[in-house]
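These notes are about the structure you will find just below.
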Amino acid sequence: MDATSITDTFHRPLRDLRISVTDRCNFRCVYCMPREIFGRDYVFMPREQLLTFEEITRLASIAVAHGVLKIRLTGGEPLLRKDIEELVRMLARLRTPDGRAPDLAMTTNGSVLAQKALVLKDAGLNRVTVSLDSVREETFQAMNDAGYPVAKVLHALDVAQAAGLGPVKINMVVKRGQNDHDIIDTARHFKGSGFILRFIEYMDVGASNGWKMDEVVPSAEVLARISAVFPLDPVAPNYPGETSERWRYRDGSGEIGVISSVTQAFCRGCTRARLSADGKLFTCLFATAGTDLRALLRGGASDADLSAALSALWGGRADRYSVLRSANTPVAPDTAARRIEMSYIGG
Ligand code: SAM
Ligand code: SF4
Ligand code: SF4
Numbered sequence: 257m258d259a260t261s262i263t264d265t266f267h268r269p270l271r272d273l274r275i276s277v278t279d280r281c282n283f284r285c286v287y288c289m290p291r292e293i294f295g296r297d298y299v300f301m302p303r304e305q306l307l308t309f310e311e312i313t314r315l316a317s318i319a320v321a322h323g324v325l326k327i328r329l330t331g332g333e334p335l336l337r338k339d340i341e342e343l344v345r346m347l348a349r350l351r352t353p354d355g356r357a358p359d360l361a362m363t364t365n366g367s368v369l370a371q372k373a374l375v376l377k378d379a380g381l382n383r384v385t386v387s388l389d390s391v392r393e394e395t396f397q398a399m400n401d402a403g404y405p406v407a408k409v410l411h412a413l414d415v416a417q418a419a420g421l422g423p424v425k426i427n428m429v430v431k432r433g434q435n436d437h438d439i440i441d442t443a444r445h446f447k448g449s450g451f452i453l454r455f456i457e458y459m460d461v462g463a464s465n466g467w468k469m470d471e472v473v474p475s476a477e478v479l480a481r482i483s484a485v486f487p488l489d490p491v492a493p494n495y496p497g498e499t500s501e502r503w504r505y506r507d508g509s510g511e512i513g514v515i516s517s518v519t520q521a522f523c524r525g526c527t528r529a530r531l532s533a534d535g536k537l538f539t540c541l542f543a544t545a546g547t548d549l550r551a552l553l554r555g556g557a558s559d560a561d562l563s564a565a566l567s568a569l570w571g572g573r574a575d576r577y578s579v580l581r582s583a584n585t586p587v588a589p590d591t592a593a594r595r596i597e598m599s600y601i602g603g
């Protein structure tokens with residue numbers, strides 16, 4: 257491990273930074289921003305509370321100096337943040353201590369990606385992941401709850417791939433009774449296309465989606481259902497600790513992934529920190545509180561102060577929520593109610 261890297265109490269280095277650039281979204285996915293809660297009266301962050309691009313870049317550069325190799329822009333919907341390509345341009349100039357450019361990616365719902373793909377690529381974005389919960393119109397619209405047509409996302413996927421933002425990955429969150437009947441059709445649609453479809457277990461993030469364990473479709477079940485129609489073989493991970501488990505179609509027509517955040521906790525290899533749009537740093541997706549770096553930034557902290565704050569925070573990290581959940585370890589009774597929403601913390 258190089259001198260600049262920092263490790264937490266379980267010897268996990270800091271390698272990934274997910275940056276949420278807005279808490280707003282034009283979708284109301286039932287598992288993330290249910291309309292009953294994120295309705296007309298919902299109060300989003302006022303603009304002045306959002307970190308500026310300069311502030312984000314300054315924090316990211318300190319994180320990169322401490323070992324971050326991957327940066328992912330997320331939200332809310334990151335493409336709703338005005339001039340987001342400018343932020344991409346600024347982040348693309350960062351270099352690791354040994355002179356490498358960190359991998360720069362984005363997770364998006366794809367709604368305005370077709371218009372933006374080329375400028376994003378030109379600004380230095382390497383890859384996009386697009387969320388798409390079904391290729392069937394009725395299911396997709398019921399899940400995004402914003403009347404957004406599937407054809408537009410499918411078009412955006414092609415544009416992004418052609419722009420060089422690939423291989424484009426597709427995230428499908430599987431919720432029992434909602435879209436699990438479309439697993440095979442969606443797999444079939446992308447089989448042989450060059451896109452990598454990944455099935456994600458529905459997670460108990462936040463406090464507003466009314467999560468229930470029986471609505472989770474375990475990855476093992478997803479794989480069994482697909483394998484019965486299109487036989488699959490396991491593929492070695494791209495790198496140790498990869499969250500997505502890779503499988504390839506036996507007939508050579510590409511690969512899929514499963515992300516088993518609920519049934520197979522991967523805390524042991526979790527090297528991620530998350531920065532909210534208003535500058536709070538979270539060391540776990542299931543945290544109930546973050547550390548306010550915006551206060552430090554706006555209070556005149558030097559780079560050395562910020563660096564010390566980051567080192568202290570990561571150095572004291574002991575998060576392993578999913579492991580504890582699997583072990584049925586009781587958490588404080590009000591913890592679930594205080595958990596931070598996915599749209600705020602960034603997925
Ligand atoms: N709006 C962008 C999008 O949807 O791609 C980026 C933000 S979204 C919060 C990031 C990812 O989190 C998406 O792929 C989404 O499907 C996933 N997600 C949101 N809520 C989830 C939940 N409860 N369980 C599993 N994945 C979830
Ligand atoms: Fe918006 Fe993404 Fe959440 Fe859907 S998953 S509501 S697109 S932030
Ligand atoms: Fe990482 Fe927390 Fe998820 Fe475990 S529960 S993998 S520590 S974000």
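Note that the numbering used here numbers the sequence shown so that position 285 is 541, with each residue one more than the last.
Quick reminder that beta carbons are idealized off the backbone N, C-alpha and C, glycines included.
For residue i, the first and last residue of its enclosing alpha helix (DSSP H)
i    : result
R345 : 340-348
A374 : As written in the sequence, residue 374 is Leu, which differs from the Ala given in the question. Element bounds for L374: 369-379.
I312 : 309-321
T442 : 439-446
D354 : No alpha helix (DSSP H) contains D354, which DSSP labels as neither H nor E.
K408 : 406-418
Proximity of residue i and residue j at Cβ, strictly below 8 Å
i    : j    : result
V478 : V514 : yes
I512 : L453 : yes
G462 : M598 : yes
V391 : D438 : yes
F455 : V430 : yes
G497 : T527 : yes
A373 : R328 : no
S516 : S582 : no
A316 : K377 : no
K326 : D354 : no
L388 : M428 : yes
I426 : V473 : no
M346 : T313 : yes
L381 : V344 : yes
R432 : D470 : yes
V384 : T352 : no
N435 : M399 : yes
F300 : R280 : yes
Residue environment, residue i, which counts as buried when at least 16 other CB atoms sit within 10 Å
i    : result
R530 : buried
Q371 : exposed
Y298 : exposed
N494 : exposed
A543 : buried
E501 : buried
R303 : exposed
R349 : exposed
Sequence-distant residues of its chain with Cβ nearer than 8 Å to residue i (five each side left out)
i    : result
Q417 : P423, V424, G450, F451
A574 : D264, T265, F266
I293 : S464
R291 : R284, D401
S261 : P269, L270, H322, G323
Nonlocal neighbours in the same chain, by C-beta distance under 6 Å from residue i, ignoring five residues either side
i    : result
T278 : G331, G332, L336, R337, A533
E311 : L553
P589 : In this predicted model, P589 has a pLDDT of only 47, less than 50, meaning its place in the structure is not dependable; the value taken from the coordinates is given anyway. Cβ neighbours of P589 beyond the five flanking positions: none.
M257 : Unreliable placement is indicated for M257, whose pLDDT of 48 sits below 50; the coordinate value is still reported in the next sentence. Nothing listed; no residue qualifies.
L569 : T547
Helix, strand or coil at residue i according to DSSP, with G and I counted as helix
i    : result
Y600 : helix
T544 : coil
N427 : strand
F300 : coil
Y505 : strand
L562 : helix
A361 : strand
C474 : Checking the sequence, you will find Pro at residue 474 rather than Cys. In this structure, P474 counts as coil in the three-state DSSP scheme.
L329 : strand
R554 : helix
P334 : helix
T395 : helix
L537 : strand
R573 : coil
D401 : coil
Close Cβ partners of residue i (< 7 Å) along its chain, the five nearest in sequence each way excluded
i    : result
R601 : One detail in the question is off: residue 601 reads as Ile in this sequence, not Arg. S276, R530, S532, F538, L541.
L566 : I318, A319, H322
D559 : I318
A402 : N282, F283, R284
K231 : Nothing in the structure corresponds to residue 231, since the chain is present only between 257 and 603.
A379 : E341, V344, R345, A348
Host beta strand (DSSP E) of residue i (start-end)
i    : result
L531 : 528-531
V384 : 383-387
G513 : 511-515
L276 : Here residue 276 turns out to be Ser, not Leu, going by the sequence shown. Counting along the chain, the beta strand (DSSP E) containing S276 begins and ends at 272-276.
R454 : 452-457
D279 : Neither: D279 is in no beta strand (DSSP E) and is coded neither H nor E.
Proximity test, Cβ basis, 8 Å: residue i and chain B
i    : result
E477 : Any reference to chain B falls outside this structure, which holds one protein chain only.
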